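Shown next, in structure tokens, is the structure this report addresses.
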Amino acid sequence: MPAYGQYCPVARALEVVGDRWSLLIVREVLFGGRRFNEIERGLPGISRSLLSQRLQLLERGGVLERRVREEGRVPEYALTAAGRDLHGLIGALRDWGGRWAFDDPRPEELDPAWLLSSMSRRYRRGAVPRRMVLEFRLRGGRRSHVWLLLHPRSGSEVCLKHPGFEADLLITAETRALFKVWLGRLSRAEAERRGLLRMEGAADIRRAFPEWFEWPSLPPSRGAAVGGSPAAARG
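My numbering puts the first residue of the sequence shown at 15, with every later residue one more than the last.
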């Protein structure tokens, strides 16, 4: 990124992490993305070449470091001390965005694979006693079927094709509503009451489902998205 030519810590910081996608890459690594494909999965819309370029820039900026485990040749990315120190900034941006720039999801944002990747990152490992298969049948998004596999010890995985196992929990939903439920903008009870979401499976599994994840916590919205009308912003 070109230098700003200003002897200012804000300008210097933006020279390191101010490029488009850079802070979202940091977000992915903060939430457990280690390998190139894992990071890419959480960033729909980025090309592989651009992701590679941004990772190199963050390495040169001292935010990321690349490691190769002895048992394999696939490189993994980890945050340096400087990168870990961005946790507070990511949190502050999340809170600010939740208050001021986070209205209903746009059509191009309704990617169920991204949503399940978010759920996967927030899965409480060990929360299930055995492998659990969650099948999502969705309306109004980029995909109509996705699956999430939860393992007791080895984490979770997103499947875009049938995983070969019967579903323990079937969630049928309008994609926009599912996004809003996950991000706390619509209660699950309200979505079910309005026919926007339905869960099918054993009663004990339906009851336990919310405990399997660390659900995002966003501050209440204080207005419309940035750039919206003044009247909407006033609420």
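Virtual Cβ for every residue (Gly too), placed ideally from N, Cα, C.
No experiment lies behind these values; they were computed from the predicted model shown.
On the DSSP bridge list, what partners appear for residue i?
i: Y137; result: F227
i: G169; result: H165
i: I185; result: F150 and M213
Anyone know if the C-beta pair for residue i and residue j falls short of 8 Å?
i: T186; j: G154; result: no
i: M146; j: F227; result: no
i: E90; j: R49; result: yes
i: A39; j: L93; result: Contrary to the premise, residue 39 reads as Ile rather than Ala in this sequence. Not closer than 8 Å, so no.
i: G198; j: L232; result: yes
i: P126; j: V82; result: no
i: R156; j: L200; result: no
i: I326; j: L164; result: Nothing in the structure corresponds to residue 326, since the chain is present only between 15 and 249.
i: E54; j: R62; result: yes
i: G47; j: G56; result: yes
i: F223; j: R135; result: no
i: P143; j: P119; result: no
Counting C-beta neighbours from all protein chains within 10 Å, is the total for residue i 16 or more, i.e. buried, or is it exposed?
i: Y18; result: exposed
i: E180; result: exposed
i: K194; result: buried
i: Y21; result: exposed
i: R41; result: buried
i: A191; result: buried
i: G105; result: exposed
i: R77; result: In the sequence on display, residue 77 carries Val and not Arg. So V77 ends up on the buried side.
i: G178; result: exposed
i: L100; result: buried
i: S36; result: buried
i: P121; result: exposed
i: L162; result: buried
i: S131; result: buried
Contained alpha helix (DSSP H) runs [length at least 4] in the stretch 93-160, N- to C-terminal order: 95-98, 101-114 and 126-135
In chain order, which beta strand (DSSP E) runs of at least 3 residues are fully inside the stretch 45-99? 78-82 and 89-93
How do the stretch 201-217 and the stretch 168-179 stand: do at least 3 beta-carbon pairs fall below 8 Å, yes or no? no
Sufficient close CB pairs (3 or more, under 8 Å) joining the stretch 101-121 to the stretch 59-78: no
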